[in-house]
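Residue numbers (my numbering): 34 to 258.
See below for the structure under consideration.
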DNA sequence: ATCCCGAGGG
DNA sequence: CCCTCTGGAT
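And the structure:
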């Protein structure tokens, strides 16, 4: 079906977003980042490690990692082998270990050991993409740099007709036109959480979903092909 | 087998 | 746009 993009879904997006914000707030009052962290460095490390594995498993290894390497300075001089052993169970362990060390070395060399607080500098670090950078800026620094667009946010926003693009940057821009700036990071955390708990791609838990009334796909089963 | 709160590279 | 990098849970 070749339906024109902006016709049916765009008109009252703002109103629908308001409603969705309210419903998500009610369902997920905390709006927290699930990754264990007590500072920007820790959150950055945890977020780099979280690629393609669950946050629960990240939270199993980060305390061990931080006990040994509590700062960027310490991590920067760690051996590849030792970091690999610590993060081994998370998958992609060679790339993740290399990224952690490269990130720490760049932070020490170029940012005096402090995690930078702007998007461009963060994205320039090894292993840090837009998603990770926005998580750190919004969560650890309280800077609403951008809505976090991961696979869950992408899937749900397309599903609800808030966006239609497959490009994360376009989705980010579109969402930022309709989500209040101060709520970007909370919106992101709630939506991501919702994607993990309820609006799961392969087995959506529709009966438990607080957004049913806004969902055009109620009862149509799994979302992916 | 398939999925996980991705990034980097072709 | 596609692919690869990886291990553990289900």
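Glycine included, each C-beta is placed from N, C-alpha and C at the ideal position.
In this text the structure is predicted, and so the values were computed from the model without any measurement.
Nearest to residue 225 by C-alpha distance, out of 123, 134, 188 and 132, is 188. Ranked by how close their Cα comes to the Cα of residue 84, the residues 132, 245, 70 and 157 have 132 in first place. Contact between the segment 212 to 228 and the segment 55 to 65 is established, with three or more Cβ pairs separated by less than 8 Å. The beta carbons of residue 231 and residue 216 sit about 20 Å from each other, so the pair does not count as a contact at 8 Å. Runs of alpha helix (DSSP H) with 4 or more residues, each lying fully within the segment 40 to 92, are found at 46 to 60 and 73 to 82, listed in chain order. Put simply, of 171, 126 and 72 the residue whose alpha carbon is nearest the alpha carbon of residue 114 is 126.
Exclusion of the five residues before and after residue 141 leaves 105, 106 and 109 as the residues of its chain whose Cβ lies within less than 7 Å of its Cβ. Only buried fits residue 178, as 16 or more other CB atoms lie within 10 angstroms of its CB. Classified as exposed, residue 93 has fewer than 16 neighbouring CB atoms from the shown chains inside 10 Å of its CB. If you ignore the 5 residues before and after residue 209, its C-beta comes within less than 8 Å of the C-beta of 179, 180 and 217, all in its own chain and listed in chain order.
Contact annotation: the segment 69 to 87 does not touch the segment 45 to 53, with fewer than three C-beta pairs closer than 8 Å. With respect to the 8 Å criterion, residue 247 and residue 52 are classified as neighbours on the basis of their beta carbons. Judged by DSSP in its simplified three-state form, residue 195 adopts coil rather than helix or strand.
Exclusion of the five residues before and after residue 68 leaves 76, 79, 80, 83, 88, 91, 92 and 95 as the residues of its chain whose Cβ lies within less than 8 Å of its Cβ. Its Cα nearest to that of residue 182, the residue 168 stands out among 176, 175, 168 and 174.
Sequence-distant Cβ neighbours of residue 162 in its own chain, meaning closer than 8 Å and more than five residues away, are 156. Taking C-alpha positions only, residue 172 is separated from residue 66 by approximately 7 Å.
Residue 165 counts as buried, since no fewer than 16 other beta carbons sit within 10 angstroms of its beta carbon. Nearest to residue 233 by alpha-carbon distance, out of 185, 204, 144 and 129, is 185.
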